[in-house]
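Encoded as structure tokens, the structure appears first; notes follow it.
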Amino acid sequence: MLAGIAIFLAVLAAIFFIAGRANGKKQRPIAILVFLGPALVLLLFGLLGPAIRTFVLSFKGSASHTWVGFKNYQWLFTDESMRIVLRNTVFWILFTPIITTGLGLLLAILLDRMRRESVAKSLIFMPMAISFVGASIIWKFVYQYANPNQPQIGLMSSIARHLGFGPTNWLLQQPLNTFLLMIIFVWSQTGFAMVILSAAIKAVPADIMEASALDGAHGWKLFRGVTFPMVRSTFIVVLATMVVATLKLFDIVQASTGGNFGTSVLANEMYSEVFVRYDAGRGSAMAIVLFLLVVPVLVYNIYNLRRERSIA
Amino acid sequence: MSLLTRNKAPKLADHNAGRKLFGSRGATITVWIIAIFWTIPTLGLFATSFRPKEEISANGWWNFFIHPHLTLANYSAIFSSGTTSGISNGIMPYVINSFVITIPAVIFPITIATMAAYCLAWVKFRGSDALFYGIFALQIVPIQVALVPLLNLFTGGVHIGTVTVVPALHIAGTFVGIWLPHTMFALPLAIYLLHNFISSLPRDLMEAANVDGASHFTVFRRIVLPLSVPAIAAFTIFQFLWVWNDLLVALTFTGGTEGINPLNAKLRGLAGTWGSHWELLTSSAFVMIVVPLIVFFSLQRYFVRGLLAGSVK
């Protein structure tokens, strides 16, 4: 690692030294080449080129030798095994972004009503720093199940038994297991939604709130009439961010079930298709579908962010 | 971008007036109930990692608080080269791998992005704005779309027909082969954020330096770099957590080379092979999450700024 960093910095210093000595007319083009060149080469070979190549591969067979037209896409949307993957992906998009963002908004409003918020806020925000793999291990332990004649060491199984219904092997129950995986995502990301929405609520000018209060608005009415409209654009940005994160979701599924027991989603299936079943064609088609799903949301989001920031 | 450049200080005077959505006490109690509920799973992992192996399987971790028996045996098991853990040298090599992967994968993209951002912002040339928007637009490409061809590039090079454009790089399964994709994937966002910051530096300062005959390299080193520290710091934290917690790039580009797996990717496998060895799994997971948690608790303010900055990624 140290050698890598040292080489990188040494090369950089040498180029700076040599290029810095150039003067006169040559200085500008050399500067542009040195400053911009590395980034452009990396982007060309790391993102732009590969993205185009993936698009091409999605019309080819498993080993990329033959053209198959739209067969990979057709398979993706019609095959029996893909139906459950697409169903799960739709479930994820329908439930997780709105639950995460809604819960984040609720917490942000509650936090606004508190005199001191720091510790509780940190505790809810903390899972955000934990990787999805770590989060999956934490929750697998919560869902841990043992045979009925043995002690239940998983929190959920233990509670279930105390409540009088027999614990089961939660992660094997379809479609319950998909929702259990969603809990991991919600647990991890709610703090993010909360922090951003909390900042937005705090930025609502105090005089607007006061004026509305004097006009007799309070409680739900105040929220619906004043607070929410003021933070609506932030809410939508967070919601869209969650939609994108949900679409790209891979780690939670990989680490908790490996995509088995009917829990796979598009991004996970894409990985399996390429690196387990070695079908680059189908995998590429999935990546392109993922891309097409993400693009409108991200474009909308970036547009919103830019507009918001140009106002702010 | 305002989130990086300015700290909006909301008027806090009489801030709570008129906010009667919920009673203040009710709000406090609700938030604390949620906060405790949110912490219990992590607490369970933490407590379990310090319990003796026999007790972990005998009863739930909450019994730890009734009969606390502390032990560090689980931690010595995962770090020892013995056979208890089933991995020959314990998890230490993977902890080191995580650092070896993460540190350069943070330094490289930030350096390259800062240079590019400066050039696009202050060394204007024909098409520089179009180029900036092109890079900006690349943010929408999901990593998944680039994985397969990039891996092919590393193992087989790029050929058009029979012409070799790029020879096989043979870096798949090496650290370079992981640093490079992380650097590539980080660039669009990094350039975008740093460009926003650097382009807002005072014009007078740049012009004065140019009048004094300073070259672009001098301006970059003496003026741009020192002034960009806040933006660089925010992005450093974001990128550090991103790489440390990454699974997809690690799994793809370490290939079958077990020896260079970062801890996160290794744990994904161990979660399966260790199955119900919760004494090993909880302690290893805790080792992994403690690093970002330290970053989180010590640099929370910058962490939030970094997150806000990276929220589009």
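These protein sequence lines map, in sequence, to chains A and B. The first sequence maps to residues 56 to 367 in the working numbering. The second sequence maps to residues 22 to 334 in the working numbering. Built from N, CA and C at the ideal position, the CB exists for glycine as well.
Under 8 Å between C-beta atoms of residue i and residue j
{"i": "A:A342", "j": "B:Q165", "result": "yes"}
{"i": "B:T195", "j": "B:P130", "result": "no"}
{"i": "B:L301", "j": "B:I99", "result": "yes"}
{"i": "A:I193", "j": "B:P62", "result": "yes"}
{"i": "B:F238", "j": "A:G92", "result": "no"}
{"i": "A:V140", "j": "A:E324", "result": "yes"}
{"i": "A:Y200", "j": "A:T223", "result": "yes"}
{"i": "A:G189", "j": "B:M113", "result": "no"}
{"i": "A:S267", "j": "A:L252", "result": "no"}
{"i": "B:L172", "j": "B:A193", "result": "yes"}
{"i": "B:I55", "j": "A:L162", "result": "yes"}
{"i": "A:R108", "j": "B:P170", "result": "yes"}
{"i": "B:N266", "j": "A:S191", "result": "no"}
{"i": "B:T340", "j": "B:L215", "result": "Examination of residue 340 of chain B is not possible in this model, given that chain B is present from 22 through 334 alone."}
{"i": "A:A184", "j": "B:L314", "result": "yes"}
{"i": "B:V144", "j": "A:R83", "result": "yes"}
{"i": "B:A137", "j": "A:A94", "result": "yes"}
{"i": "B:P163", "j": "A:V349", "result": "yes"}
{"i": "A:L131", "j": "A:V344", "result": "yes"}
{"i": "B:A292", "j": "A:A310", "result": "yes"}
{"i": "B:A167", "j": "A:L102", "result": "yes"}
{"i": "B:L174", "j": "A:F346", "result": "no"}
{"i": "B:A211", "j": "B:F274", "result": "no"}
{"i": "B:T51", "j": "A:L165", "result": "yes"}
{"i": "A:P182", "j": "B:W59", "result": "yes"}
Cβ-based neighbour list, residue i, same chain, cut-off 7 Å, excluding 5 preceding and 5 following
{"i": "B:H90", "result": "R72, P73, E76"}
{"i": "B:S319", "result": "none"}
{"i": "A:T156", "result": "A248, F290, V293, L294, M297"}
{"i": "A:K168", "result": "Lys is not the amino acid found at residue 168 of chain A; the sequence shown has Arg there. Excluding sequence neighbours, A:R168 sits near nothing in its chain."}
{"i": "A:V320", "result": "V140, N143, T144, W147, L304, V308"}
{"i": "A:G209", "result": "F196, V197, Y198, Q199, Y200"}
{"i": "B:F86", "result": "none"}
{"i": "A:P152", "result": "L294, M297, V298, T301"}
{"i": "B:V240", "result": "M227, A230"}
{"i": "A:I179", "result": "L162, T245, G246, M249"}
{"i": "B:Y115", "result": "N282, P283, L284, K287"}
Exposure of residue i, with buried meaning 16 or more beta-carbon neighbours within 10 Å
{"i": "B:S102", "result": "exposed"}
{"i": "B:K287", "result": "buried"}
{"i": "B:R147", "result": "exposed"}
{"i": "A:K176", "result": "buried"}
{"i": "A:D334", "result": "buried"}
{"i": "A:P203", "result": "exposed"}
{"i": "B:L226", "result": "exposed"}
{"i": "B:A151", "result": "exposed"}
{"i": "A:D270", "result": "exposed"}
{"i": "A:I263", "result": "exposed"}
{"i": "A:V241", "result": "buried"}
{"i": "B:G280", "result": "exposed"}
{"i": "B:G182", "result": "exposed"}
{"i": "B:H298", "result": "buried"}
{"i": "A:D306", "result": "buried"}
{"i": "B:T294", "result": "exposed"}
{"i": "A:Q229", "result": "exposed"}
{"i": "B:Y139", "result": "buried"}
{"i": "A:N127", "result": "buried"}
{"i": "A:I214", "result": "exposed"}
Neighbour list for residue i in chain D, Cβ cutoff strictly below 7 Å
{"i": "B:M113", "result": "Chain labels in this structure do not include chain D; the protein chains are A and B."}
Proximal residues to residue i (C-beta, below 8 Å), its chain only, five neighbours per side dropped
{"i": "A:I70", "result": "V89"}
{"i": "B:W200", "result": "I122, P125, A126, F129"}
Cβ-based neighbour list, residue i, same chain, cut-off 6 Å, excluding 5 preceding and 5 following
{"i": "A:L158", "result": "T245"}
{"i": "B:V179", "result": "V186, V187"}
{"i": "B:S304", "result": "S70, N95, Y96, I99"}
{"i": "A:G338", "result": "M325, E328, V329"}
{"i": "B:F157", "result": "Y213"}
Beta-bridge pairing of residue i - partner residues as DSSP gives them
{"i": "B:V116", "result": "For B:V116, which the question treats as bridged, DSSP gives no partner whatsoever."}
{"i": "B:V179", "result": "B:V187"}
{"i": "B:W263", "result": "In DSSP, B:W263 forms no bridge with anything."}
{"i": "A:W122", "result": "A:K115"}
Contact test: residue i Cβ vs the ligand GTP heavy atom, cutoff 7 Å
{"i": "A:T133", "result": "Among the components of this structure there are no ligands whatsoever, and the ligand GTP is therefore not found."}
**OP:** Write down every uninterrupted run of the alpha helix (DSSP H) in the region 200 to 238 of chain B whose length is 4 residues or greater and which is fully enclosed by it, in chain order.
**Re:** 224 to 232
Original post:
Taking the runs of the alpha helix (DSSP H) that are 4 residues or longer, which of them lie wholly in the region 132 to 158 of chain B?
Top reply: 149 to 158
Subject >> Ordered list of alpha helix (DSSP H) runs contained in the region 65 to 115 of chain A, each at least 4 residues >> reply: 82 to 98, 104 to 112
Original post:
What are the start and end residues of each continuous beta strand (DSSP E) run of 3 or more residues lying completely inside the region 146 to 187 of chain A, in chain order?
Top reply: none
Original post:
In chain order, which continuous runs of the alpha helix (DSSP H) of length 4 or greater are located wholly inside the region 192 to 244 of chain A?
Top reply: 210 to 217
Subject >> Within the region 303 to 341 of chain A, ranges of the alpha helix (DSSP H) (whole runs, at least 4 residues) >> reply: 306 to 311, 321 to 330
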